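Take a look at the structure set out below.
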Amino acid sequence: MNVLVADDDEDIRFVVSALLSRRGWNVTTTTSGEETLAALREASFDVLVLDQNMPPGSGLEVADDLRGRGDQTPIVLFTGFSATLDRARTEGAGVVVMEKTDVTSLADEVAALGGA
Amino acid sequence: MSPPSAAGTARDPLFACAGEMAERCASFDWATTPLGVPAGWPPSVRAVVGMVLRSHFPMTVTWGESFVMVYNDGYIPTLGAKHPTALGSNLAHEFAEIWDEIGPRQHAILAGGESESDEDVRFILERGSGPEETFYTFCWSHVSLDGQGQGPGGVLTVLTERTGEVVGSRRLALLNALTVRTAASADPDEAVERMVHVLADAHDDLVHGAYYAADTSGSLTRGPGFSAAGPASSTPGPGALAQGLVETCWSSAEPTEGHLDTGPAVALPVRASGRLVGVLLLGLHPLRPLDDAHRQWLALVGDQVSQAVGTAASRADEQARVEALAQLDAAKSEFLSTVSHELRTPLTLLLGPLDDALADPEPALTPAQVTSMHQSAHRLLRLVNGLLDAAQRDVEPRAPVTEAVAVSALTRDLVLPFEVAALRGGLTLTTTVDEVGVLSIDPARWESIVINLTANAVKYTPSGWVEVELDSDAEHVRFEVRDSGIGIRQDDQSRIFDRFQRIETDSSVSVEGTGLGLAVVAEAVRSLGGTIDVTSAPGEGSTFTVRLPRVLALAPEDPDSAGARSTIAAEVLARDVTASPAPDAPPLEPPPDDRPRILVVDDNEGIRQRVTGVLGTLGSTITARDGIEALEILADVQVDLVVTDMTMPRLNGLGLIARLRADPQHSGLPVIALSARAGTDAATSALSAGADDYVTKPFTSEELLARCRSTLELTRLRTEHAATAARAAMLAEFSHDLQTPMSVVMSALEMLSLPGVDEAARAEAVVRARSRMVVLDRLVRQFLDGSRIAAGLPLLPVTASVDLHDLVRRAVLDQRDVSIDATFGQPVRVRCDPRRTEQILRTLTMRVRESGSGSIGVRWSVEGGDSPGVDVEVYAAGPAEPARLPRLGNDLDLLVSGAAAAAQGGTLSLGSITRHEARFVLRLTEAS
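These protein sequence lines are chains A and B, in that order.
Residue numbers for the first sequence follow this note's numbering, beginning at 13 and rising by one.
Residue numbers for the second sequence follow this note's numbering, beginning at 7 and rising by one.
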């Protein structure tokens, strides 16, 4: 299974990649909303794990862009603080919201979403 | 013509061929045999004898009832010792040992019967060295005298000895069986049992056998064996002979032949992994003579047994190791996941109240919650650090990473938390650090040495002193920690560096710890190529001295690497070692008089008195005669409202208002202007100058009171709203900022406890988690300070005397563009809470960066006079945008910084605004 992990924090990219690739999945990482959109034009993935704040761009912007093109790839919005998120927007974009401190459940969630 | 024989007579042409038997026949006195002289032999006899002598295949022909033997060279081995007397002799006599078997058949063929042949037939022959088992493929056929195929004649035997092949293949089969049957064994005892079973089947080669196992003292015990009756796990006691043979073999480690009651025997050494582990005694079948082929085979048997036992032993070892590793892994995983689970509790206690508070429209934390969160945060940080430590010790010790390190500065930074901890515990910790230069060294290992030795000294010294010294000469660096603590017994001194040793002490000092500290130090010293010595006696304290080779670095210290080093391990360890931690729960102070305090400013005493009277029901009042006096009062006293006349000498109302608004500390103070001038212009100018309300003289009491009340109420609402918003923002920001570092730390712990992650990744995860812990630690502390302030609780500073330059350097370590202007001259020591002061300076540099545009600098000066102190300025050189200048009242971090400064007896203020330079001044107390 191919998973994309987008986060502007280098340590988060490192540990999340390690936790996901030990399940045998191929993990690609990007560092910003813009970079993620570019990566998604080149390749497709089974599940996306997106940080919210990763300028330039954000996780929700990427989600909106994808959904706008009719792409229904499952997305986990992996955020530092969900209380500030616009719930209407996250529901509209059909993303699963997970908090960073729930990282130990992330792999299971990705597995469930990707049907792995 | 045939050559003359040695006896002078010419050789019979019949015997004129090559070979020993031809010669013997030629000189044999045939007249003594029933055959008579060869010249008289019938042509058929001569023909057959001539054929036999000339053939290379083993043959013998026997004539008549006397079975007179004539044989060729090839037949000689079949005779063995019977040659050469067998020539012309009677076959029945020569092979008396098997005549019962073959006699009747020979007679039958002599009488003209059918030829007989067979393959690989076993005969027990006597060839001179006792009866031996042999195998022959042979053919017996009738030879007639008259050439007619009937009647009197002889028997021709053509044979091939097959002993070698048959026995050889039998022996090979045994070796194969040994290999196959013992191959899968993973238990040396089982391998021996199986081997004994296989050998017991070799009835024709081995009569009995036994395996003697050696114990650790080298004495041999008879184990499983076999006899003619079959295998047995214990065979009847050996004779002295057998024991002697076995012991000879053991001491010589060579195959040893001997003779037992049962016959020949051989003792073979058995080795596993190159070591001698036992002896295999084999009783040999008497019918198998001990020739070279036999010896070779026995040696092979010995080898095979050795291999079987050896392989089984190493398989057993391997299995044991795998099991032990699996257990260790399981234990480690369980440990990590248990403690990981334990993290959840303090984390929940920390985040829970936050979530609850944020769910409320007016988020706030009670003092009890703050205290609880404080304890949870400490516990969390300590747990995580302990986990990271434990996990790091399990990870393979990495090769030393050598960097250019300013060792003296690093050492001072590492010892500082212990100085603070020692103070709290009533100990004196003196640090004397000489400049030893920028050295090429592994900073992590140096850190291990410094903090563990210092922690131990503090831990084991209930009262008294600890001295830490660092110096060097050209060749070596010396780091020494001396204490006046409980000391170490002579006997224990060699054990203290072992892992997991904690020495029993008589004292009632309660000592925590995992017993790994000194082991870590010993390992670090060893890997840095140095030595460590301890001098100690019970009740007389201890001295630990580390000497390392002094290797100067070729390049200067890399500021990024220096910045990346954290002292959090030192801080956590220091927190843990003090015997009685300072109580965290502060005594709640009685709430102060919460009525508003009002400053009344008017140059007319009558007015002052009247206003004071009117406002008496609202709050307490202070009076001032003019603007200047008002400002002087406001410098010392906190008020909630200013009621001021507009026309006053020295500084009038407008001037006062303008000054107040310009001062960040008072810019939010509500002001009501009292004026004699009526009219909207006057009101407007007062209000536009910054007054909150305007009352015209003459005024009624009710009017004044109402105006004051409503102004105070409005201000209160505004402040509360701002405070609520500020609190909410603070909680939210903390919650948010906590998430990412906690996520990294939790992920790192997952990576350490789950399979499928390689060692390099695990080690890197630990490094990253540690650096996030530094941030987490600061975050938590800053937040908790803020919470305490918000809850009206005092901050409890811990004061120490520190070098100001060191303090400033540490504070700006992780920011690269801050310049320290140390041109003050001599070193300055300040009395402060080092950690909080560092945090204040960190906050100031960040704020100044946001407002200013130039490079950031820190400088200080010592002020004397009426208000002595050390003024530390943090500034951004270059024009600042006034709008972006920070305001002390609105910024949480600055609020905390201000409170922290006050808690340690200092102040924080904005520098002069008029120059539009973003500047903060932190006033600290100079240490005496």
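Beta carbons are placed, not taken as given, at the ideal position from N, Cα and C, and that holds for glycine.
Bear in mind that the values here come from a model prediction, so they are computed numbers and not experimental data.
In the three-state DSSP reduction, Glu546(B) falls in the coil class, being neither helix nor strand. Secondary structure at Leu720(B): helix, using DSSP grouped into helix, strand and coil. Here Val751(B) carries a helix assignment [DSSP, helix/strand/coil]. Residue contact with chain A for Gln788(B): absent (no Cβ-Cβ distance below 9 Å to any residue of chain A). For Leu31(A), a Cβ of chain B is located within less than 9 Å of the residue's own Cβ.
The three-state reading of DSSP puts Ala30(A) in helix, counting H, G and I together.
Excluding sequence positions up to five before and after Pro83(B), its CB lies within less than 7 Å of the CB of Glu167, all in the same chain and listed in chain order. Scanning the region 793-859 of chain B for uninterrupted alpha helix (DSSP H) segments of 4 residues or longer gives 810-817, 840-857, listed from N- to C-terminal end.
The contact set of Asp21(A) on chain B, defined by CB atoms closer than 7 Å, consists of Thr746 in chain order. Each of Ser716(B), Ser707(B), Ala712(B), Ile678(B) was checked against the Cα of Asp699(B), and the nearest Cα belongs to Ile678(B).
Contact between Ile447(B) and Val557(B) holds: CB atoms are separated by about 7 Å, below the 8 Å threshold. For the pair Val864(B) and Val818(B), the CB atoms are nearer than the 9 Å cut-off. If you check the CB distance, Leu637(B) and Arg603(B) do not come in under 9 Å. Where Phe129(B) is concerned, there is no enclosing alpha helix (DSSP H), although the beta strand (DSSP E) around it starts and stops at 122-132. For Gly92(A), the neighbours in chain B by C-beta distance under 9 Å run, in chain order, Ser741, His742, Asp743, Leu744, Gln745, Thr746, Ser749.
With contact defined as three or more Cβ pairs closer than 8 Å, the region 494-502 of chain B and the region 421-440 of chain B are not in contact. Not flagged as an interface residue toward chain A: Leu782(B), since no C-beta distance is shorter than 9 Å.
Taking a contact as a CB-CB distance under 8 Å, the pair Glu263(B) and Val272(B) counts as one, their CB atoms being some 5 Å apart.
Excluding residues up to 5 positions away in sequence, Thr143 lie with their Cβ nearer than 6 Å to the Cβ of Glu125(B) in the same chain. Secondary structure within the region 434-491 of chain B: the beta strand (DSSP E) runs of 3 or more consecutive residues, fully enclosed, are 434-439, 444-447, 471-478, 482-489 (chain order). Glu167(B) carries a strand assignment under DSSP once its states are collapsed to helix, strand and coil. For Ala771(B), the chain A residues whose C-beta falls within less than 8 Å of its own C-beta are Phe26, Val27, Ala30, listed in chain order. Taking the CA atoms as reference points, Ser867(B) sits about 5 Å from Asp877(B). Residue pairing for Val173(B): DSSP places it in no beta bridge.
Looking at the DSSP output, Ala410(B) sits in a beta bridge with Ser446(B). Along the region 253-319 of chain B, the beta strand (DSSP E) occurs as fully enclosed runs of 3 or more residues at 262-266, 269-278, 281-290, listed in sequence order. Interface criterion not met: the Cβ of Gly792(B) is under 9 Å from no Cβ in chain A.
Under the Cβ criterion (8 Å, minimum of three pairs), the region 169-182 of chain B does not count as touching the region 190-198 of chain B. Here Glu844(B) is buried. Its C-beta has 16 or more other C-beta atoms within 10 Å. Judged by DSSP in its simplified three-state form, Glu879(B) adopts strand.
Leu41(B) carries a coil assignment under DSSP once its states are collapsed to helix, strand and coil. For His62(B), there is no enclosing alpha helix (DSSP H), as DSSP marks it with neither H nor E.
Runs of alpha helix (DSSP H) with 4 or more residues, each lying fully within the region 49-127 of chain A, are found at 71-80, 99-104, 118-126, listed in chain order.
Under the 8 Å Cβ criterion, the region 310-318 of chain B counts as touching the region 279-289 of chain B, having at least three qualifying pairs. Under the three-state reduction of DSSP output, Ala248(B) falls in the helix class. His148(B) sits away from Gly109(B), with the two beta carbons spaced by 9 Å or more.
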